[in-house]
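Visitor: Residue numbers (the numbering used here): 303 to 810.
Note that the Cβ used here is the ideal one computed from N, Cα and C, for glycine as well.
Below you will find the structure I want to go over with you.
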Amino acid sequence: MNHRSYLCVCVCVCVCECVCVCVCVCVCVCVCVCECVCLRVCACLACFPLVQVCKRKCSEVQRCSPCKQPRCAFPGPDGGLENGLGVSSGGREASSDAGTGHCHLPHCPLPSSPDGHVKAPDAVEALRINHLPSSILLKVLAHLTVKERCLCASLVCKYWRDLCLDFQFWKQIDLSGLQQVNDDLLVKIASRRQNVTEINISDCRGVQDHGVCSLASHCPGLQKYTAYRCKQLGDLSLSALASHCPLLVKVHVGNQDKLTDDALKKLGEHCSELKDVHLGQCYSITDEGVVALAMGCPKLQRIYMQENKLVTDRSVQAVAEHCPELQFVGFMGCPVTSQGVIHLTGLRSLSILDLRHISELNNETVMEVVRKCHNLSSLNLCLNWSINDRCVEIIAKEGRSLKELYLVSCKITDHALIAIGQYSSTIETVDAGWCKDITDQGATQIAQSSKSLRYLGLMRCDKVNEETVERLVVQYPHIVFSTVMQDCKRTLERAYQMGWSPNTSNAL
Numbered sequence: 303m304n305h306r307s308y309l310c311v312c313v314c315v316c317v318c319e320c321v322c323v324c325v326c327v328c329v330c331v332c333v334c335v336c337e338c339v340c341l342r343v344c345a346c347l348a349c350f351p352l353v354q355v356c357k358r359k360c361s362e363v364q365r366c367s368p369c370k371q372p373r374c375a376f377p378g379p380d381g382g383l384e385n386g387l388g389v390s391s392g393g394r395e396a397s398s399d400a401g402t403g404h405c406h407l408p409h410c411p412l413p414s415s416p417d418g419h420v421k422a423p424d425a426v427e428a429l430r431i432n433h434l435p436s437s438i439l440l441k442v443l444a445h446l447t448v449k450e451r452c453l454c455a456s457l458v459c460k461y462w463r464d465l466c467l468d469f470q471f472w473k474q475i476d477l478s479g480l481q482q483v484n485d486d487l488l489v490k491i492a493s494r495r496q497n498v499t500e501i502n503i504s505d506c507r508g509v510q511d512h513g514v515c516s517l518a519s520h521c522p523g524l525q526k527y528t529a530y531r532c533k534q535l536g537d538l539s540l541s542a543l544a545s546h547c548p549l550l551v552k553v554h555v556g557n558q559d560k561l562t563d564d565a566l567k568k569l570g571e572h573c574s575e576l577k578d579v580h581l582g583q584c585y586s587i588t589d590e591g592v593v594a595l596a597m598g599c600p601k602l603q604r605i606y607m608q609e610n611k612l613v614t615d616r617s618v619q620a621v622a623e624h625c626p627e628l629q630f631v632g633f634m635g636c637p638v639t640s641q642g643v644i645h646l647t648g649l650r651s652l653s654i655l656d657l658r659h660i661s662e663l664n665n666e667t668v669m670e671v672v673r674k675c676h677n678l679s680s681l682n683l684c685l686n687w688s689i690n691d692r693c694v695e696i697i698a699k700e701g702r703s704l705k706e707l708y709l710v711s712c713k714i715t716d717h718a719l720i721a722i723g724q725y726s727s728t729i730e731t732v733d734a735g736w737c738k739d740i741t742d743q744g745a746t747q748i749a750q751s752s753k754s755l756r757y758l759g760l761m762r763c764d765k766v767n768e769e770t771v772e773r774l775v776v777q778y779p780h781i782v783f784s785t786v787m788q789d790c791k792r793t794l795e796r797a798y799q800m801g802w803s804p805n806t807s808n809a810l
């Protein structure tokens, strides 16, 4: 039996009331255009007067030629074909004809004239989805992903294919996770769309240096480049981007083992506008490359390193001295010490600091950073066993802008939580998971005394009883308490809200 399958894609735009728009072949779209009015369009019959489509911005509707491709036609009740306007018997659900594979869409009421009479079919014969202004159709298609536009919407008809090729859709390209993407596809994109400003090829294992080099040479206006976990890429691709795309402001290339200092030197030499770099788990990068990057990119605002085992205090000092606009700094798991971290006190704009798993980080350095960096809003000290109650107390007292404090697996007790509740009026998030000396007393007192607290992480704080947490959940509903049991309950509640129900038959 030959059945024909149809893909349904739903897009809701705006919060006002939308009515489902049934597009003849494969797309179901809910449309609500804020600049005009809520639209109601049906591809099988024009069930809404077209004159209401654009009554704010234009008085006349720009008409386009209706699609006449065979795949856009459906059989009418008399066996004839209408261009996308097939009608089934009134009031019934859309069904599929097993013999022909065509879809019979539900009957829609004809629009009425101002005097109340129903218009004849020939009066509305020309009112089809493709008669909408192209600007409105472009707004609808803008809410689809690249994959949905290329594999679904562009196959409806030639007109929709041309709309899907509009330049505005190819300025920001997200190809992440698409295994079909290879060098040939990147070359085609680069040769036809030279206005690309942002591209994401994360997890695209089929892309090699050659494809990225071609993209770089054809797209000199590229500003944002993301390529996480592309282990097959090396210095050649990033060097080409640096040489051909001087306007780059964002480069995220985490987990690329082949990258070396040579690529970073090219970035520092050609990309003085660079503001955001992510080089986590690029294990071949050393201080030499980071120093060259810092000296050549003084406008850097965000730099993130993670487990870069060859990056030391010299790199921290370089970015602190040459990049005064830094707002986000992360050196998780890097072999830096307090002697390097102390240089961050000169960064007046620093707001987010990630110092997880720094083996030689002392309390005095952390306290000095908090005292000097008045805009610090998020501080992550997880996995630092040296951080103690006294350090947390100073942080609570001196961190006037601090909102997030992460202390997972630190050497703190109830006194740290009590100090946060007593001295801080800004901290909203505290994560003390895996701190074995936290007890019911600390959890209770911080919940009672803190006016700003909204989240308290107590995961695997085994001295905190679940009964105490249950009581706190009831007494302080504005605070989210995170334990194994509480997180499981929230997950189960979300599942119920989404319609899940336990299958008792399987349990039996």
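1) In terms of residue numbering, what span does the alpha helix (DSSP H) encompassing S617 cover?
2) Would a C-beta distance cut-off of 7 Å place N610 and C636 closer than the cut-off?
3) If you measure between the beta carbons of T728 and S754, is that distance less than 7 Å?
4) How is the alpha helix (DSSP H) around Y725 delimited, first residue to last?
5) Just how far apart, CA to CA, sit V812 and E769?
6) Give the straight-line distance between the Cα atoms of Y527 and W802, rounded to the nearest whole angstrom.
7) When burial is assigned at 16 or more other CB atoms within 10 Å of the CB, is S703 buried or exposed?
8) Alpha carbon to alpha carbon, what distance is there between A721 and Q747?
9) Taking a contact to mean a Cβ-Cβ separation below 7 Å, would you say V483 touches V509 in this structure?
10) CB-CB under 6 Å to A542, same chain, minus the five flanking residues each way: which ones, in chain order?
11) Return helix, strand or coil for Q641, following the three-state DSSP convention.
12) Does V483 come out as helix, strand or coil in the three-state DSSP assignment?
13) Enumerate, from N- to C-terminal direction, the unbroken beta strand (DSSP E) stretches of 3 or more residues contained entirely within the segment 443–492.
14) Is DSSP giving S651 helix, strand or coil here?
15) Would you mind sorting P666 into buried or exposed? The rule is 16 or more other CB atoms within 10 Å of its CB.
16) Using the three-state DSSP reduction, which class does E706 fall into: helix, strand or coil?
17) Given a threshold of 16 other Cβ atoms within 10 Å of its Cβ, counted over all protein chains shown, does N805 qualify as buried or as exposed?
18) Looking only at its own chain, which residues have a Cβ that is under 8 Å from the Cβ of N767, when we skip the five neighbours before and after it?
19) Using beta-carbon positions only, say whether N497 and F471 come within less than 7 Å of one another.
20) Please name the residue in G582, L581, E450, V618 whose C-alpha comes closest to that of M597.
21) Use the C-beta contact count for M669: other C-beta atoms within 10 angstroms, 16 or more gives buried, fewer gives exposed.
22) Give the DSSP-derived three-state secondary structure of T770 in the structure shown.
23) So who's on the other strand from Q583, going by DSSP bridges?
24) Considering R792, what are the terminal residues of the alpha helix (DSSP H) in which it resides?
25) Taking just the CA atoms, how far does C599 sit from E627?
26) I need the straight-line Cα distance from E700 to T647, nearest angstrom please.
27) Helix or strand or just coil, what does DSSP make of L681?
28) Could you check the C-alpha separation between V592 and D511 for me, to the nearest Å?
29) By Cβ distance, which residues of its chain are closer than 7 Å to F783, with the 5 residues on each side in sequence left out?
30) To the nearest whole angstrom, what separates the beta carbons of S478 and I438, a pair I think is in contact under 8 Å?
Guide: In short:
1) 615–624
2) yes
3) yes
4) 716–725
5) As shown, the chain starts at 303 and ends at 810. That puts residue 812 outside it, with no answer to give.
6) 39 Å
7) exposed
8) 9 Å
9) yes
10) C515, A518
11) helix
12) coil
13) 474–476
14) coil
15) Sequence inspection shows Glu at residue 666; the Pro mentioned does not correspond to that position. Label assigned to E666: exposed.
16) strand
17) exposed
18) D742
19) no
20) V618
21) buried
22) helix
23) Note: Q583 sits in no beta bridge, so no partner.
24) 786–799
25) 11 Å
26) 14 Å
27) strand
28) 22 Å
29) L758, L760, V771, L774, V775
30) With 8 Å as the limit, S478 and I438 do not qualify as a contact, their Cβ atoms being about 29 Å apart.
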